[in-house]
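Visitor:
Below, the structure written as structure tokens:
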């Protein structure tokens with residue numbers, strides 16, 4: 001189990017308990033966190049589960065692989081901290097993870 | 107392209123797995139089909155979104171990719187000679203005077219059909235619109251998602267955004283006619299074919315084209331005229347680029363599209379149907395697969411297959427009103443086996 005905090009663009013916080021093995025996207029969708037659309041359902045085939053990983057968590061969540069980096073081309077306002085949340089697997093080590101949800105998914 | 111009207115028993119809108127299997131179920135009942143799809147190949151989402159992704163819930167296939175599922179379906183429906191009309195979107199669907207329906211696609215292909223099966227999944231794939239404020243006002247005059255007429259781009263300052271084949275191909279193809287081409291992409295790496303990337307880089311090195319690493323963040327202009335775009339460069343600083351055309355290439359997304367204008371009842375972007383015939387609020391128009399809704403609906407390929415089989419029974423009543431339909435199994439019916447070409 002890991003506690004994940006999603007912060008919406010307007011500052012609204014959503015704290016979610018996620019089981020290890022699911023993805024950060026799945027945990028958001030299961031708990032109806034607004035702003036994570038996940039149009040393709042987690043196939044790394046769209047960019048509508050885009051999140052910004054907080055600086056202090058970037059090492060633990062790792063770097064995007066090539067396919068994810070390609071898909072990030074389709075996101076809006078991509079930054080150094082950008083990830084597709086369907087590609088971040090929840091582990092016990094990620095307990096306390098904080099991600100920001102972008103203003104717009106597209 | 108507007109030629110003669112194509113007359114057929116059934117038009118299937120959408121050539122995804124469920125649309126393809128509908129060819130099979132209708133074919134067994136001697137109903138001839140034409141399929142229309144906006145993509146350049148059959149397979150729908152399976153082909154466009156996740157050809158390599160394994161699917162685990164197709165009965166009897168513990169694991170199968172979207173590509174293999176599509177190919178298997180194409181083999182299965184081959185005996186029925188379905189006619190594909192690809193890279194076309196049905197824009198108009200109207201009842202005909204004879205009880206059937208008239209359809210017209212965006213490039214002018216016309217159909218007269220007895221029944222229509224909407225198997226359009228999440229709708230039609232359309233280019234993604236970047237969430238830039240005011241972009242709607244300049245679409246069609248300064249912002250385009252495809253190049254239909256080269257003249258619209260002649261002697262223009264063109265900003266092309268994206269890093270795939272469309273972005274690179276158009277940067278290269280419009281370069282000879284444009285006043286100036288600027289390609290904006292968020293990183294050094296491209297998804298496009300290496301050959302086009304090399305050509306683009308050669309032009310950039312020769313000073314004939316600008317390549318900027320950055321992202322379009324804002325548009326500026328007057329009325330329906332684009333004048334400039336604000337680009338956020340790699341290090342975070344903003345720069346203003348004068349341009350009178352923008353071609354954003356950020357892939358495709360699914361939108362319900364013209365389906366909403368066909369006079370059918372809709373529920374939250376889905377088409378309600380009954381669970382006996384999978385017919386819409388208009389008799390003779392069916393909806394199967396992800397696009398329909400009914401109590402208990404599951405968006406599964408296997409549910410779409412089931413819906414196709416039941417839909418075909420009712421379809422038969424419209425296409426052959428005077429023939430009684432007797433249920434037969436493919437394992438034992440010699441007449442079905444003849445249709446499948448195995449007997």
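Chains as they are written, first to last, in the numbering used here: chain A, 1 to 106; chain Z, 107 to 449. For each residue, glycine too, the CB sits at the ideal point set by N, CA and C. Keep in mind that this is a model prediction, so the values were computed, not measured.
Does the count of Cβ pairs from the stretch 328 to 337 of chain Z and the stretch 349 to 363 of chain Z closer than 8 angstroms reach three?
Guide: Yes: at least three Cβ pairs fall under 8 angstroms.
Visitor: Check distances from the C-beta atoms of the stretch 18 to 46 of chain A to those of chain Z and list, in chain order, the residues that come in under 8 angstroms.
Guide: Cβ contacts with chain Z come from 39, 40, 43, 45, 46.
Visitor: Which residue from 248(Z), 267(Z), 127(Z), 268(Z) puts its Cα closest to that of residue 260(Z)?
Guide: The sequence position of residue 260(Z) within the second chain is 154, counting from 1. With distances taken between Cα atoms, residue 260(Z) lies closest to 248(Z).
Visitor: Sorted by chain position, which residues of the same chain lie with C-beta nearer than 7 angstroms to residue 142(Z)'s C-beta, five sequence neighbours on each side aside?
Guide: For this step, residue 142(Z) is matched to residue 36 along the second chain. Same-chain partners within the cutoff: 117, 119, 191, 194, 196, 211.
Visitor: Do we get a CB-CB distance below 8 angstroms when we pair residue 236(Z) with the residues of chain A?
Guide: Mapped onto the second chain, residue 236(Z) falls at position 130. True, the Cβ-Cβ gap to chain A drops below 8 angstroms.
Visitor: Please go through the same chain and pick out, in chain order, the residues whose beta-carbon is closer than 7 angstroms to the beta-carbon of residue 77(A), but skip the five residues on each side of it.
Guide: Your numbering for residue 77(A) matches position 77 in the first chain. Once the five neighbours on either side are set aside, the close Cβ partners of residue 77(A) are 102.
Visitor: Would you mind listing the beta strand (DSSP E) stretches within the stretch 167 to 237 of chain Z that are 3+ residues and don't spill past its ends, in chain order?
Guide: Runs of the beta strand (DSSP E) inside the stretch 167 to 237 of chain Z: 189 to 192, 196 to 201, 207 to 211, 216 to 224, 230 to 233.
Visitor: Pull out every residue of the stretch 154 to 171 of chain Z whose Cβ sits closer than 7 angstroms to any Cβ of chain A, in chain order.
Guide: Listed by position, the residues of the stretch 154 to 171 of chain Z near chain A (Cβ gap below 7 angstroms) are 155, 156, 159.
Visitor: Within 10 angstroms of its Cβ, does residue 148(Z) collect 16 or more other Cβ (buried), or is it exposed?
Guide: Indexing the second chain from 1 puts residue 148(Z) at position 42. It counts as buried.
Visitor: Exposed or buried, what is residue 230(Z) when buried is set at 16 or more other beta-carbons lying within 10 Å of its beta-carbon?
Guide: Residue numbering aside, residue 230(Z) sits at position 124 when the second chain is read from its first letter. When all chains shown are included, residue 230(Z) counts as buried.
Visitor: Can you give me, in chain order, the residues of the stretch 290 to 311 of chain Z that have a beta carbon less than 7 angstroms from any beta carbon in chain A?
Guide: For the stretch 290 to 311 of chain Z, which is checked against every Cβ of chain A, the residues closer than 7 angstroms are 292, 297.
Visitor: For residue 83(Z) versus residue 251(Z), is the C-beta spacing smaller than 8 angstroms?
Guide: Past the boundaries of the shown model lies residue 83(Z); chain Z is included only from 107 to 449, so the question cannot be answered.
Visitor: How would you call residue 299(Z), buried or exposed, if buried means at least 16 neighbouring beta carbons within 10 angstroms?
Guide: Against the second chain, residue 299(Z) aligns to sequence position 193. Residue 299(Z) should be labelled exposed.
Visitor: Suppose only complete runs of 3+ residues qualify. What are the beta strand (DSSP E) ranges in the stretch 300 to 335 of chain Z, listed by chain order?
Guide: Fully enclosed beta strand (DSSP E) runs of 3 or longer: 316 to 328.
Visitor: Is there contact here, the stretch 398 to 415 of chain Z with the stretch 123 to 136 of chain Z, by at least three beta-carbon pairs under 8 angstroms?
Guide: Yes: the two stretches touch, three or more of their Cβ pairs being nearer than 8 angstroms.
Visitor: Pick from 219(Z), 362(Z), 393(Z): whose alpha carbon is nearest that of residue 208(Z)?
Guide: Indexing the second chain from 1 puts residue 208(Z) at position 102. Closest by alpha carbon: 219(Z).
Visitor: Are the CB atoms of residue 105(A) and residue 37(A) nearer to each other than 8 angstroms?
Guide: The residue you call residue 105(A) lines up with position 105 of the first chain. The residue you call residue 37(A) lines up with position 37 of the first chain. Yes, they are a contact pair.
Visitor: Do three or more CB pairs link the stretch 417 to 436 of chain Z to the stretch 131 to 140 of chain Z at distances below 8 angstroms?
Guide: In short, these stretches touch, since the Cβ pair count reaches three.
Visitor: Name, please, each residue of chain A whose Cβ falls closer than 8 angstroms to the Cβ of residue 356(Z).
Guide: Within the second chain, the letter at position 250 stands for residue 356(Z). Neighbours of residue 356(Z) on chain A, chain order: 73, 74, 106.
Visitor: What does the Cβ neighbour count give for residue 108(Z), buried or exposed, with the cut at 16 atoms within 10 Å?
Guide: Taking the first residue of the second chain as 1, we reach residue 108(Z) at position 2. Confidence at residue 108(Z) is low in this model, with a pLDDT of 49, below 50, so its placement is unreliable and no value can be given for it.
Visitor: Hey, is residue 10(A)'s beta-carbon within less than 8 angstroms of any beta-carbon in chain Z?
Guide: Within the first chain, the letter at position 10 stands for residue 10(A). For residue 10(A), the answer is no, since every Cβ of chain Z falls outside 8 angstroms of its Cβ.
Visitor: Buried or exposed: where does residue 506(Z) fall if 16 or more other Cβ atoms within 10 Å of its Cβ makes it buried?
Guide: With chain Z covering 107 to 449 only, the question about residue 506(Z) has no answer from this structure.
Visitor: Is it true that the stretch 83 to 100 of chain A meets the stretch 6 to 23 of chain A, where meeting means three or more beta-carbon pairs spaced less than 8 angstroms apart?
Guide: Touching, per the Cβ criterion.
Visitor: Chain A beta carbons: is any one of them nearer than 8 angstroms to that of residue 269(Z)?
Guide: Mapped onto the second chain, residue 269(Z) falls at position 163. Output row for residue 269(Z): interface = yes.
Visitor: If you measure from the beta carbon of residue 78(A) to each beta carbon in chain Z, is any gap under 8 angstroms?
Guide: Position 78 of the first chain, counted from the first residue, corresponds to residue 78(A). So, interface residue.
Visitor: Is the number of C-beta pairs between the stretch 284 to 301 of chain Z and the stretch 310 to 324 of chain Z that are closer than 8 angstroms three or more?
Guide: Yes, the stretch 284 to 301 of chain Z touches the stretch 310 to 324 of chain Z.
Visitor: Report yes or no: is there a C-beta of chain A within less than 8 angstroms of the C-beta of residue 108(Z)?
Guide: Against the second chain, residue 108(Z) aligns to sequence position 2. Residue placement at residue 108(Z) cannot be trusted, given a pLDDT of 49 that sits under 50; the coordinates are not used to answer.
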